[in-house]
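Student: Each step along the sequence shown adds one to the number in this note's numbering, with nothing skipped, and position 249 is 249.
Would you mind keeping the following structure in view while I ask a few things?
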Amino acid sequence: MNPATPLTQNPLREGISNRLEPEPCTLVIFGATGDLTHRKLIPALYNLAAEGALPPAINIIGFARREKTTEEFRKELQNSARKFSRTPLSDDLWKSFASSIIYHQSSFDDLDGYKNLAHVIKEADQQHGTRGNCLFYLAVAPDQFPVILSNLRESGLSKAVEGSWSRVIVEKPFGTDLKSAQELNSLVNEVFPERDTYRIDHYLGKETAQNIMVMRFANSIFESLWNSNHIDHVQITAVEPLGVEGRAGYYDKSGAMRDMVQNHLLQLLTLTAMEPPTSLGADAIRDEKVKVLRSLRPLKGDDVFKHVVRAQYKEGLINGQPVPGYRDADGVPKDSTTETYVALQVNIDNWRWAGVPFFIRTAKRVPKGGSEIAITFKAVPRVLFNQNEESLEQNVLVIRIQPDEGISLRMSAKRPGSSLRIEQVKMDFHYGTSFGKATPEAYERLLLDAMSGDATLFARRDEVEEAWAFVDGIEDAWKTRSDDLTFHSAGSWGPAEATALAARHGVIWRRI
Ligand code: BG6
Numbered sequence: 001m002n003p004a005t006p007l008t009q010n011p012l013r014e015g016i017s018n019r020l021e022p023e024p025c026t027l028v029i030f031g032a033t034g035d036l037t038h039r040k041l042i043p044a045l046y047n048l049a050a051e052g053a054l055p056p057a058i059n060i061i062g063f064a065r066r067e068k069t070t071e072e073f074r075k076e077l078q079n080s081a082r083k084f085s086r087t088p089l090s091d092d093l094w095k096s097f098a099s100s101i102i103y104h105q106s107s108f109d110d111l112d113g114y115k116n117l118a119h120v121i122k123e124a125d126q127q128h129g130t131r132g133n134c135l136f137y138l139a140v141a142p143d144q145f146p147v148i149l150s151n152l153r154e155s156g157l158s159k160a161v162e163g164s165w166s167r168v169i170v171e172k173p174f175g176t177d178l179k180s181a182q183e184l185n186s187l188v189n190e191v192f193p194e195r196d197t198y199r200i201d202h203y204l205g206k207e208t209a210q211n212i213m214v215m216r217f218a219n220s221i222f223e224s225l226w227n228s229n230h231i232d233h234v235q236i237t238a239v240e241p242l243g244v245e246g247r248a249g250y251y252d253k254s255g256a257m258r259d260m261v262q263n264h265l266l267q268l269l270t271l272t273a274m275e276p277p278t279s280l281g282a283d284a285i286r287d288e289k290v291k292v293l294r295s296l297r298p299l300k301g302d303d304v305f306k307h308v309v310r311a312q313y314k315e316g317l318i319n320g321q322p323v324p325g326y327r328d329a330d331g332v333p334k335d336s337t338t339e340t341y342v343a344l345q346v347n348i349d350n351w352r353w354a355g356v357p358f359f360i361r362t363a364k365r366v367p368k369g370g371s372e373i374a375i376t377f378k379a380v381p382r383v384l385f386n387q388n389e390e391s392l393e394q395n396v397l398v399i400r401i402q403p404d405e406g407i408s409l410r411m412s413a414k415r416p417g418s419s420l421r422i423e424q425v426k427m428d429f430h431y432g433t434s435f436g437k438a439t440p441e442a443y444e445r446l447l448l449d450a451m452s453g454d455a456t457l458f459a460r461r462d463e464v465e466e467a468w469a470f471v472d473g474i475e476d477a478w479k480t481r482s483d484d485l486t487f488h489s490a491g492s493w494g495p496a497e498a499t500a501l502a503a504r505h506g507v508i509w510r511r512i
């Protein structure tokens, strides 16, 4: 894998990755003055504009309650884009990009605001030729979904005119348990059919997450080893040094299990464990992912306390700086029992994975951030080089989702010299050096896909519900007692119980 430069470019691959073109459209963002719009959506759209990747015609309409003019709105967005864009802001480019942005003030429950919006859309459509296509982005808290969806229907906005389309993008949290997710899904699908519903899981838009399938199914060397005959265990990790960062209101009701495991981590698990799909179509891929979720061995009752560790961080040091404990964060109740750390062992009861434990871990306030999937292969037989008391290290294939996106393979090699010493070496592929360009932000890819009508990287209704069905088993058991909640210092890698959970299988959690 080194030297790490792409050796050839396969035109078919280009063809596959660009199989759908983003179509001219009006993007309406509900919650336009919120954090997500400022930090993620507008910077992503700006970067797409900078790369000439946006559709040939686009209108971006920000819908929010606060009074302000379009000029003021554009100025605020420019300040945020300057702060959060992955490429530096060019004033000229910003000017032309911002000319497509309009602010529309209305409260979410005022039907007239939607009727007026219909006029604004029509006018902008006629002016810029967006062909009547509309993409509605619900960048708001879920309790606002019902009123927005019902007003989109009442105002006729959700119904596309002949020859155009109308789609909705829904942000997580998508429910808080199976029942609420089913209700939310029914509500959304009463207004938008499933084929026009795009549920965001931003982990699916991350470049390396997309590369999992390419790595598995565009190379012949991995797939034949990708099963219980050769794989010892899998570790899937997503951890960060940050705390709740002003989101206590949401986070304290959610906790790490609902915030990270139900969506991002189970999505990574499905990509890692799925069977080859019958095609690259969105449904063929999502069918296979759902099968993995259905094969998860349910965790319920006492099993939860054997296989799942939950913890909360106390005060500690991150990068030498003191940080308060979770209960001392703004907005968190002093007696909160919400978990900020989860480690669990899951099993996939299907032919391919029988007997292979998957260890999943997520945490806030650990020393370092990173997300990765590490596949540890079985040990070599205890003959030849592996006869010593101290066994040879196992091969590990690591898919680094972030940072420093890439793939590495750890293997044994002879240290040069006259004596036989075996050491571990790494073959390492880094996106940055191989392709010489920064990887796009997840939201860039996802926005473009929604404009193209490609739902592959969005969670389908049954995926979301299966994931909740699994997580509900754990949450239900947690409700029956709280003495299993343990604590660890901020800046440590987690509680001893998590170490013990992995150790029962002879596994050591990886340092990120
Ligand atoms: C979000 C969670 O979905 O993902 C956050 O709500 C978490 O709590 C974030 O910090 C992590 O995303 P990333 O892309 O920084 O790994």
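Built from N, CA and C at the ideal position, the CB exists for glycine as well.
Hey, out of GLN105, LEU93 and SER412, whose CA is closest to LEU392's CA?
Tutor: SER412
Student: Compare the Cα-Cα distances from GLY355 to each of VAL120, HIS307, PRO241 and VAL346 and report the closest residue.
Tutor: VAL346
Student: Could you round the C-beta distance between THR70 and TYR103 to whole angstroms and report it? I think they count as a contact, below 8 Å.
Tutor: Indeed they touch by this definition, with Cβ atoms about 4 Å apart.
Student: Could you tell me which of PHE305, SER96, ASP109 and ALA469 sits nearest to ARG65, measuring between CA atoms?
Tutor: ASP109
Student: Between the alpha carbons of ALA273 and ILE375, how many angstroms are there, rounded?
Tutor: Using only the alpha carbons, I get a separation of about 11 Å.
Student: What does a CB cutoff of less than 7 Å around VAL261 pick up in its chain, not counting 5 residues either side in sequence?
Tutor: VAL342, ILE360, THR362 and VAL471
Student: From this set, SER228, ARG421 and ASP283, which residue's C-alpha is nearest LYS378's C-alpha?
Tutor: SER228
Student: Can you list, in chain order, the residues of its chain with a C-beta nearer than 7 Å to that of GLY255? Leave out the 5 residues immediately preceding and following it.
Tutor: THR338 and GLU339
Student: Measuring straight from C-alpha to C-alpha, what distance separates GLU466 and SER96?
Tutor: So the two alpha carbons sit approximately 44 Å from each other.
Student: Below 6 Å, is the gap between the Cβ of ASP112 and the nearest heavy atom of ligand 1?
Tutor: no
Student: Tell me the DSSP secondary structure of ALA496 in three-state form.
Tutor: helix
Student: Consider the C-beta atom of ASP404 and the heavy atoms of ligand 1; say whether any pair is separated by less than 6 Å.
Tutor: No.
Student: Please state the DSSP three-state secondary structure of ASN319.
Tutor: coil
Student: Do you know offhand how far ARG167's Cα is from LEU457's?
Tutor: In this structure, the alpha-carbon of ARG167 lies about 15 Å from that of LEU457.
Student: Quick check: the stretch 208-215 against the stretch 177-186, are there 3 or more CB pairs under 8 Å?
Tutor: no
Student: Can you tell me whether VAL161 is buried or exposed, with buried defined as 16 or more other CB within 10 angstroms of its CB?
Tutor: exposed
Student: Taking C-alpha atoms, which residue in ARG310, GLU390 and VAL323 lies nearest to HIS482?
Tutor: Contrary to the premise, residue 482 reads as Ser rather than His in this sequence. Selected option, being the one with the closest Cα: ARG310.
Student: Please classify THR272: does DSSP put it in a helix, a strand, or coil?
Tutor: helix
Student: Along the chain, which unbroken stretches of the alpha helix (DSSP H) at least 4 residues long are found entirely within the stretch 435-495?
Tutor: Every unbroken stretch of the alpha helix (DSSP H) spanning 4 or more residues and falling wholly within the stretch 435-495 is given here in chain order: 442-452 and 461-480.
Student: Do the stretch 446-465 and the stretch 286-295 touch if we need at least three Cβ pairs shorter than 8 Å?
Tutor: yes
Student: Does the count of Cβ pairs from the stretch 425-438 and the stretch 131-150 closer than 8 Å reach three?
Tutor: With contact defined as three or more Cβ pairs closer than 8 Å, the stretch 425-438 and the stretch 131-150 are not in contact.
Student: Determine the contact status of ALA57 and PRO24, defining contact as a CB-CB distance below 7 Å.
Tutor: yes
Student: Give me the Cα-Cα distance between THR176 and ARG327, rounded to the nearest whole angstrom.
Tutor: The alpha-carbon atoms of THR176 and ARG327 are separated by roughly 22 Å.
Student: Taking only heavy atoms of ligand 1 into account, decide whether any of them is closer than 6 Å to the Cβ of ASP201.
Tutor: Outside the cutoff, so no.
Student: Cβ of ASP91 versus every heavy atom of ligand 1: is any distance shorter than 6 Å?
Tutor: No; taking the cut-off as 6 Å, the Cβ of ASP91 has no heavy atom of ligand 1 nearer than that.
Student: On the criterion of 16 or more Cβ atoms from any shown chain inside 10 Å, does ALA141 qualify as buried, or is it exposed?
Tutor: exposed
Student: Go ahead and pull the three-state DSSP assignment for PRO513.
Tutor: Look at the range of the chain in this structure, 1 to 512, and you will see that residue 513 is not part of it.
Student: Mind checking whether the beta-carbon of ASP252 lies closer than 6 Å to any heavy atom of ligand 1?
Tutor: ASP252 Cβ: outside cutoff for every heavy atom of ligand 1.
Student: What is the DSSP secondary structure of GLN312, reduced to helix, strand or coil?
Tutor: strand
Student: Below 8 Å on the Cβ atoms is my guess for LEU77 versus ILE101; work out the distance and round it to an integer in Å.
Tutor: 7 Å
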